[in-house]
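In what follows, a single structure is set out as structure tokens and then discussed.
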Amino acid sequence: MSYQRACRALWLGLLLTACRSDGPAPSAMTADDEQDSDSDTGTTGEDEGPPPVLVTHSFGSLALKASSDTQRCVQWTVNNDQHLYVQSVLLANSGALHHSNWYVVPEEEFPGEDGYFPCDDRNFNDIGAALKGTVLFAQSTQSFTDEQRFTPGAVVKVPARHKVMATVHTVNAAPQAMETELRMSFELTHPADVHTVVAPISAQYRELALPPASRSSVTTRCDWKASYYGTIGALPSFKIHYVLPHYHYLGERFEVKVIGGAHDGEIIYSLDGFNGGANGRTYDPPLELPGATGFEFTCGYNNWTDKTVTWGNGKGEMCVMFILGESEAMLGGTVLGDSEVVGVDDGVVRFEAPCFEIAQPKSPWQGMPTADEINAPLYVPPIEPSDQGLPPIPPCVDTDPSATPTRPATLSDVAASIFAPSCTFSSCHGELAAAGLDLDQSGAALHAELLGHDVVASTGLPLIAPGDPEGSWLYRLLSRCEPVDDAGNPVAHMPRNAPFLLDEGLVATLRAWIEAGAPDN
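Count along the sequence shown starting at 1, add 2, and that's the number in the numbering used here.
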């Protein structure tokens, strides 16, 4: 493999392939103790000050064909005449967004209108975006809402006259067309309060060949000691602010360990299972790693299919480590070859491969605020008329019981239009679901599961009461923003991790099927 090809491929690590929930929470540990519970949200325990300054933009509706798997790009010209210092980036979507990678680039790059466009029309790609600008944000796999938040004083920087661009991967698993919407919000920090501008540290294991009907893991060690010194003239001095994993539906484990220094070999992030939620971790306080020169990361998989699964979108898998932290260089790493089986432990086939590392100096645009910025009032960019008063997350509205079904009221249509795209796709149930409910079935097996399932929640309602939608626990979970159990305690609605409900026409389809007696049809 040529050096040039390796360099280009490894900068895919600076792009992010991605991908709060009530699912498994990621763990993160310092050398001395586990991080405070506040770390998931980046709270500091300090007294609340003035309300944050938010800038929210809607990218508009995106029409998706039935049973489609597509990738496109999107642009937002922020029209900022001055630099923006962003403590938090929040992305919300109304469904079918598998993952997305976000950048800021100079306005003159990749010219064209705002909105969605075919990436090839502007020769837009993740490598070019990362090198011409910088990484802004990466979405957790299949999350409806995702916030990348730092502790006060740490920011990503949107330089003056830079625009937001992204690659967006969507999957509409339903048999009917749909529309989705994306909204992005910046929480701005005054330049006088900025302590550090974070830089991306990212790596990926691209040489995936997950054996069928098997559990497996892949591990690589990315040590940037030599490349960092060759670029900066000094050794790294890492301080970690945020970590995000990325794998798909077959993933069941992610782990990051420190290479070098006082914390060599320590696990600083781990995540078990796949939950379709927001799994980025904010470190509060930031995690200092004196003497560390890199990171080892592992992805574990349960490939229950009958095919070898390789790197890719859709039915493919991925393994990406994304870190935002204090570094004088942007760091990328990749595995493109030489992946070998090194053993089998407790039935898990273990692969390892060398990591090819590279260090790129941070752009001059990514410097700290100037004295003039520090002494000036907070700059807020102009807000488009259509974005005035726009909430960062669309509000949740209970389903109208008189809504008209948009699909035939059959079990097969309920399964294809509701369960497959909204549950199986977003991992709301599966073989390890805590409630023991498996909606990834069809025909008589699914019918028996729905009518025979013992509800775990504190309710006397059955999951499905034929002829009685209001007496069916599943309908209540899908039709109400704040369903309650028999004691009046609120429980999470469905789809899992979504701040809003399904399209009311689909919920009406479920209602009509139950009203018809919930037949096996």
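Heads up, the beta-carbon is just placed ideally off N, CA and C, and yes, glycines get one too.
| Item | Value |
| --- | --- |
| Using CA atoms only, rank isn't needed, just tell me which of H164, H243, G279, T147 is closest to Q77. | H164 |
| Report the option in F256, A294, D286 whose CA atom is closest to the CA atom of G263. | A294 |
| Once the 5 residues before and after D225 are set aside, which same chain residues still bring their CB inside 6 angstroms of it? | I261, T295, G296 |
| Tell whether a beta-carbon distance below 8 angstroms holds between P464 and I516. | no |
| Along the chain, where does the alpha helix (DSSP H) that runs through W515 open and close? | 506–517 |
| Starting from the C-beta of G473, find all residues in its chain whose C-beta is less than 7 angstroms away, skip the five residues before and the five after it, and write them out in chain order. | L463, A467 |
| Does the separation of the CB atoms of S70 and L392 fall below 8 angstroms? | no |
| I need the straight-line Cα distance from M496 to G469, nearest angstrom please. | 21 angstroms |
| Going by beta carbon distance, what residues of the same chain come within less than 6 angstroms of V509, once the five residues before and after it are set aside? | T401, L480, S481 |
| Between T511, P384, S444, R223, which has its C-alpha nearest L535's C-alpha? | The chain is shown from 3 up to 523; residue 535 falls before or after that span and cannot be answered. |
| If I follow the unbroken alpha helix (DSSP H) through L476, where does it start and stop? | 475–481 |
| Run through DSSP, which three-state label would F421 get? | helix |
| Within a Cβ cutoff of 7 angstroms, which residues of the same chain sit near A518, ignoring the five residues on either side of it in sequence? | A411 |
| Hey, is E359's beta-carbon within less than 8 angstroms of any beta-carbon in chain C? | Here there is only one protein chain, and chain C is not present. |
| Look up H449 in the DSSP assignment and say whether it is helix, strand or coil. | helix |
| Have a look at Y230, L338, G155 and flag the residue whose alpha-carbon is nearest the alpha-carbon of V200. | G155 |
| Check each candidate in D122, F139, P177, M167 and name the one with the smallest Cα separation from T79. | M167 |
| On a Cα-Cα basis, can you pick out the residue from Y251, T300, Y249, N277 that is closest to S269? | The amino acid occupying residue 269 in the given sequence is Ile; Ser does not appear at that position. Of the candidates Y251, T300, Y249, N277, the one whose C-alpha sits nearest the C-alpha of I269 is T300. |
| For the putative contact between K241 and P288, defined by C-beta atoms under 8 angstroms, what is the C-beta separation to the nearest angstrom? | 5 angstroms |
| Is the Cβ-Cβ distance between Q73 and N315 less than 8 angstroms? | yes |
| Can you look up S60 in the DSSP assignment and give me helix, strand or coil? | strand |
| Can D148 and L93 be called in contact, C-beta distance under 8 angstroms? | yes |
| Would you tell me roughly how many angstroms separate the C-alpha atoms of A405 and N523, rounded to the nearest one? | 22 angstroms |
| Let me make sure I understand the geometry here. Which of R151, D128, P177 has the alpha-carbon closest to that of S419? | P177 |
| If the criterion is Cβ atoms closer than 8 angstroms, does the pair T185 and T58 meet it? | Reading off the sequence, residue 185 comes out as Arg, not Thr. Yes. Within cutoff. |
| Less than 8 angstroms between the beta carbons of Y271 and V258, yes or no? | yes |
| Below 8 angstroms, how does it come out for the stretch 359–370 and the stretch 321–338: are there three or more Cβ pairs, yes or no? | yes |
| Please confirm if the stretch 182–197 is in contact with the stretch 379–398, defined as three or more CB-CB distances below 8 angstroms between the two stretches. | yes |
| Rounded to whole angstroms, how far is the Cβ of G278 from the Cβ of T143, which I believe are closer than 8 angstroms? | 7 angstroms |
| Does DSSP put Q89 in a helix, in a strand, or in coil? | strand |
| For the alpha helix (DSSP H) containing A331, list its first residue and its last residue. | A331 -> not in any alpha helix (DSSP H); beta strand (DSSP E) instead, spanning 331–337. |
| If I measure Cβ to Cβ from G267 and keep anything under 7 angstroms in the same chain, skipping five residues before and after, which residues do I get? | K259, V260 |
| Between which residues of its own chain and L290 is the CB-CB distance below 6 angstroms, once the five residues before and five after are set aside? | According to the sequence provided, residue 290 is Glu. The question's Leu does not apply to it. Excluding residues within five positions, the ones whose Cβ falls inside 6 angstroms are K241. |
| In whole angstroms, what separates the C-alpha of P213 from that of G507? | 40 angstroms |
| Mapping DSSP to helix, strand and coil, what is W306? | coil |
| Check this for me: beta carbons of S204 and M323, under 8 angstroms apart or not? | yes |
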